[in-house]
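Chains A and B supply the protein sequences, listed in that same order. Position 195, counted from 1, in the first sequence is what numbering that gives the first Met the number 0 calls 194; the numbers after and before it change by one each time, with no gaps. Position 12, counted from 1, in the second sequence is what numbering that gives the first Met the number 0 calls 11; the numbers after and before it change by one each time, with no gaps.
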Amino acid sequence: MDARTKPALRDEGARLGFRLTLPAQILVLFISVFPLLMQLYISVTDWSPLSGLGWWNAWEMWNSFANYTDLAADARFWSALKRTAIVMVVCVPAEFLLGLALATLFADDFPGKRIFYSILLMPMMVVPAVAGYMFFMLFQSGGPVNDILSAITGTRVTIAWLSDPTLALIAVMIADIWQWTPLMFLILLAGLVGVPEDQVKAATLLGANPWQRFTTIVLPKMKTIIIIALAIRVIENFKIFDTLYIMTGGGPGVATETISVYIYKVTTQDLIWGYVAAIALAILIVLSIVAVFAMKRMARARQVAA
Amino acid sequence: MSTIQLRNLTKTFGDFTALKTMDLDIADGEFMALLGPSGCGKSTTMNMIAGMEEPTSGKILFGERDMAGVPMGRRGVGFVFQNYAIFTHMTVRQNLAYGPKMRGAAKAEIDRRVGAIAELLQLTPLLDRKADRLSVNILQRVAIGRSAIMEPAIFLLDEPLSNVDAAFRAVMRTELKQLQRQFKQTMVYVTHDQLEAMTMADRIAVMDHGVLQQVGTPLEVYNNPVNVFVARFIGAPGMNLLKGRPAESDRGLVVDLGPLGITPPLPDDLAATVRGARGEVLYGFRPEQVALAQDGRGLAMSVTFVERIGARTIVHLGQGEGAVKAVFDNDVGLSIGQTAVVAPDALSVRVFDAATGVAMKAS
Numbered sequence: 000m001d002a003r004t005k006p007a008l009r010d011e012g013a014r015l016g017f018r019l020t021l022p023a024q025i026l027v028l029f030i031s032v033f034p035l036l037m038q039l040y041i042s043v044t045d046w047s048p049l050s051g052l053g054w055w056n057a058w059e060m061w062n063s064f065a066n067y068t069d070l071a072a073d074a075r076f077w078s079a080l081k082r083t084a085i086v087m088v089v090c091v092p093a094e095f096l097l098g099l100a101l102a103t104l105f106a107d108d109f110p111g112k113r114i115f116y117s118i119l120l121m122p123m124m125v126v127p128a129v130a131g132y133m134f135f136m137l138f139q140s141g142g143p144v145n146d147i148l149s150a151i152t153g154t155r156v157t158i159a160w161l162s163d164p165t166l167a168l169i170a171v172m173i174a175d176i177w178q179w180t181p182l183m184f185l186i187l188l189a190g191l192v193g194v195p196e197d198q199v200k201a202a203t204l205l206g207a208n209p210w211q212r213f214t215t216i217v218l219p220k221m222k223t224i225i226i227i228a229l230a231i232r233v234i235e236n237f238k239i240f241d242t243l244y245i246m247t248g249g250g251p252g253v254a255t256e257t258i259s260v261y262i263y264k265v266t267t268q269d270l271i272w273g274y275v276a277a278i279a280l281a282i283l284i285v286l287s288i289v290a291v292f293a294m295k296r297m298a299r300a301r302q303v304a305a
Numbered sequence: 000m001s002t003i004q005l006r007n008l009t010k011t012f013g014d015f016t017a018l019k020t021m022d023l024d025i026a027d028g029e030f031m032a033l034l035g036p037s038g039c040g041k042s043t044t045m046n047m048i049a050g051m052e053e054p055t056s057g058k059i060l061f062g063e064r065d066m067a068g069v070p071m072g073r074r075g076v077g078f079v080f081q082n083y084a085i086f087t088h089m090t091v092r093q094n095l096a097y098g099p100k101m102r103g104a105a106k107a108e109i110d111r112r113v114g115a116i117a118e119l120l121q122l123t124p125l126l127d128r129k130a131d132r133l134s135v136n137i138l139q140r141v142a143i144g145r146s147a148i149m150e151p152a153i154f155l156l157d158e159p160l161s162n163v164d165a166a167f168r169a170v171m172r173t174e175l176k177q178l179q180r181q182f183k184q185t186m187v188y189v190t191h192d193q194l195e196a197m198t199m200a201d202r203i204a205v206m207d208h209g210v211l212q213q214v215g216t217p218l219e220v221y222n223n224p225v226n227v228f229v230a231r232f233i234g235a236p237g238m239n240l241l242k243g244r245p246a247e248s249d250r251g252l253v254v255d256l257g258p259l260g261i262t263p264p265l266p267d268d269l270a271a272t273v274r275g276a277r278g279e280v281l282y283g284f285r286p287e288q289v290a291l292a293q294d295g296r297g298l299a300m301s302v303t304f305v306e307r308i309g310a311r312t313i314v315h316l317g318q319g320e321g322a323v324k325a326v327f328d329n330d331v332g333l334s335i336g337q338t339a340v341v342a343p344d345a346l347s348v349r350v351f352d353a354a355t356g357v358a359m360k361a362s
């Protein structure tokens, strides 16, 4: 009797659970799965809002995966992707190292710590669009950045930051690092504070110097949190848009056109939505791979660190 | 191996005095327990010996060497933490090898030393296990091994058994004592558990409120407490103390306990000291050193509670200030409400000055 009632009861529980979560599941379906399917559907057509068809009739404009073959051959797409990768490879490590250094500094007490802490977190609170406008002003050829450089060098510096292809990209990266180092700092500080003090003391008593303690005890203990911090920033940085768009609009030319800017332009200027859907789907796949990789590493790190 | 000398050691945290002018000599190879209730300054003392905290004043000497300003990594001190502080992200082998590796020992040298210490501590089969899923006694051995591999002159242990469940503590105590015999290091052991101190230590330093109360062998501390605090703190249950006044009787000097009556006469050598005392005294005797008086000569008290715990029976007698406990090896035919006449063993009676709490020594 036991053997028969137990699964029956479990079924009953599962059914009840399903019924109770049904509204939430429908909601998730509508806000996540439905748009995804819609995107997938549109991405294999030439549909655009100007084509005079409802999106559900887009099948009439079926183009047999031409969007994807176009994408593979789209030089502007690939260079935008490359630019995004450059920004990511520079910004994320810079934010990480700065954040880690600051977190290490803030793990100890020093006078004025609370004030500095608040100041340090402020960039994160600034609306990205506002930050973009701020840096746009800072980097004007008659702006404060050049003024400071003039004061240091003693000659009148008039660098046209935002109209030089290389300097514009550097300016954009500086803005990103300024705004997002605090987040890295905050997450890493939380991780640092969680490192068991006794083990650090034990290492000291066993003769480890500060650098050895850091590499053999502190860093391994922070592995999980480091992976989380890096994953958040990699994904967010891949989507870099607001500050950048306001500072340079992707220019000069396409010099700072990252993947988000490119998608935005194709969407609002070229209006070829079928193609946009294809690009966005490709990006989603890339980011999903990053996320899955990070989560796998996290699970492994948790096993090791626990 | 090294002696430890504490000279006038004082530690204050702001207005709070954690340790007050402590003097203590710990002999080479001795197992010294620092015993006291929480907040008595024992951990502070230990942390200062280890170099985790700097003394406010006073000196710490290892042998002849003054330790002032010597950082903790250079003191040659092995420290076993309360929770062992094992590096959980490493294997047992990596834990044991940590010290030599950090000091840049050669790979072959590290392997040899890890092998030797693992053999000694019976950790060889566990060397490649992750340190995060080991039982407490293995953790204790890893913690000791990790420190012992550095061949420290001094071993400091900070309540290592406090996280261990009661049943396992006896095993751990035996193991720890054996390890100490093997290593022959000077050991300082901090605990609030008198059973640990009594069973393992060569000598015990009893502390309270930052003041060293008494230093002596376990039996000295148990038999001849220097003051009321030590008398009450050592022993389970602690010493019975009854307030009274010395009085002469035809059988010799007794203590008049007021409503409880007159005690049996004090031994002559103790009587000689007590006779000179003014004011009230505390008449003390161990609960274990009490007999039921057959001849009716003793303290007549009513039984308030009887704890029968198998091998022993603890009888609670009297109330309020006059409450005492008596421990008997066998069951006694007493029940609540009955009157029992108890006679403390004359030779084990101790008398304290009621005003100062200091023991009156037999002359």
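The C-beta atom is built at its ideal place from N, Cα and C for all residues, glycine as well.
Span of the alpha helix (DSSP H) around residue i
| i | result |
| --- | --- |
| Gly98 of chain B | Val91 to Met101 |
| Gln193 of chain B | Gln193 to Met199 |
| Leu218 of chain B | Pro217 to Asn222 |
| Val113 of chain B | Lys106 to Leu119 |
| Ser140 of chain A | Ser140 of chain A -> no alpha helix (DSSP H), and no H or E assigned at all. |
Cα-Cα separation between residue i and residue j, rounded to whole angstroms
| i | j | result |
| --- | --- | --- |
| Lys222 of chain A | Gly114 of chain B | 30 Å |
| Thr194 of chain A | Ile147 of chain A | The residue asked about is misnamed: residue 194 of chain A is Val in this sequence, not Thr. Distance between the alpha carbons of Val194 of chain A and Ile147 of chain A is about 41 Å. |
| Leu26 of chain A | Leu182 of chain A | 30 Å |
| Gly273 of chain A | Tyr97 of chain B | 60 Å |
| Val350 of chain B | Met66 of chain B | 41 Å |
| Gly103 of chain B | Val79 of chain B | 22 Å |
| Ala361 of chain B | Ala271 of chain B | 7 Å |
| Ala345 of chain B | Leu265 of chain B | 6 Å |
| Phe154 of chain B | Ile227 of chain A | 40 Å |
| Asp1 of chain A | Gln177 of chain B | Bear in mind that a pLDDT of 49 at Asp1 of chain A, under 50, signals an unreliable position, so the model cannot answer this. |
| Ser37 of chain B | Asp207 of chain B | 9 Å |
| Glu52 of chain B | Gln193 of chain B | 26 Å |
| Asn56 of chain A | Ile258 of chain A | 29 Å |
| Asp294 of chain B | Ala339 of chain B | 12 Å |
| Ser63 of chain A | Trp46 of chain A | 13 Å |
| Gly251 of chain B | Gly321 of chain B | 23 Å |
| Ala305 of chain A | Tyr244 of chain A | With a pLDDT of only 46 at Ala305 of chain A, under the threshold of 50, the placement of this residue in the model should not be trusted, and no figure is reported. |
| Ser31 of chain A | Met37 of chain A | 10 Å |
| His315 of chain B | Ala207 of chain A | 55 Å |
| Asp14 of chain B | Gln212 of chain B | 22 Å |
| Val289 of chain B | Leu34 of chain B | 26 Å |
| Gly237 of chain B | Glu247 of chain B | 28 Å |
Expected contact under 8 Å - CB spacing of residue i and residue j to nearest Å
| i | j | result |
| --- | --- | --- |
| Ile278 of chain A | Leu70 of chain A | 6 Å |
| Val280 of chain B | Pro245 of chain B | 6 Å |
| Phe134 of chain A | Ala174 of chain A | 4 Å |
| Thr242 of chain A | Gln178 of chain A | 7 Å |
| Met47 of chain B | Lys10 of chain B | 6 Å |
| Thr316 of chain A | Gly72 of chain B | Chain A is shown from 0 up to 305; residue 316 of chain A falls before or after that span and cannot be answered. |
Proximity winner among the options, relative to residue i (alpha-carbon distances)
| i | options | result |
| --- | --- | --- |
| Met186 of chain B | B:Ala200, B:Glu174 and B:Leu194 | B:Ala200 |
| Ala169 of chain B | B:Ile335, B:Gly332 and B:Met197 | B:Met197 |
| Ile308 of chain B | B:Lys324, B:Gly317, B:Asn329 and B:Val323 | B:Asn329 |
| Asp255 of chain B | B:Met238, B:Val273, B:Thr90 and B:Val225 | B:Val273 |
| Thr157 of chain A | A:Asp163, A:Ser140 and A:Thr165 | A:Ser140 |
| Gly283 of chain B | B:Ala235, B:Val227 and B:Leu175 | B:Val227 |
| Leu205 of chain A | B:Glu158, B:Phe30 and B:Pro70 | B:Pro70 |
| Pro124 of chain B | B:Pro99, B:Glu108, B:Arg92 and B:Glu195 | B:Arg92 |
| Pro54 of chain B | B:Asn82, B:Arg6, B:Ala26 and B:Met31 | B:Arg6 |
| Ala235 of chain B | B:Gly257, B:Glu195, B:Val214 and B:Gln139 | B:Glu195 |
| Ile186 of chain A | A:Met172, A:Val86 and A:Thr103 | A:Thr103 |
| Ala354 of chain B | B:Lys106, B:Ala105 and B:Gly243 | B:Gly243 |
Where the beta strand (DSSP E) containing residue i begins and where it ends
| i | result |
| --- | --- |
| Lys242 of chain B | Asn239 to Ser248 |
| Gln4 of chain B | Ile3 to Phe12 |
| Thr185 of chain B | Thr185 to Thr190 |
| Thr87 of chain B | Taken as a continuous stretch (DSSP letters only), Thr87 of chain B belongs to no beta strand (DSSP E), as it is neither H nor E. |
| Tyr282 of chain B | Val280 to Phe284 |
| Pro110 of chain A | Pro110 of chain A -> no beta strand (DSSP E), and no H or E assigned at all. |
task: Answer yes if the segment 198-215 of chain A comes into contact with the segment 110-128 of chain A, meaning at least three C-beta pairs across the two stretches below 8 Å, and no otherwise.
output: Judged by Cβ distances under 8 Å, the segment 110-128 of chain A makes no contact with the segment 198-215 of chain A, as fewer than three pairs qualify.
- request: Answer yes if the segment 105-120 of chain B comes into contact with the segment 136-156 of chain B, meaning at least three C-beta pairs across the two stretches below 8 Å, and no otherwise.
  value: When Cβ pairs closer than 8 Å are counted between the two stretches, the segment 136-156 of chain B is seen to touch the segment 105-120 of chain B, the count reaching three or more.
message: So, does the segment 243-255 of chain A touch the segment 75-84 of chain A, judging by three or more C-beta pairs under 8 Å?
response: Output reads yes: the segment 75-84 of chain A touches the segment 243-255 of chain A.
query: Three or more C-beta pairs closer than 8 Å, one from the segment 25-37 of chain B and one from the segment 278-287 of chain A: is that the case here?
result: Verdict: no, contact absent.
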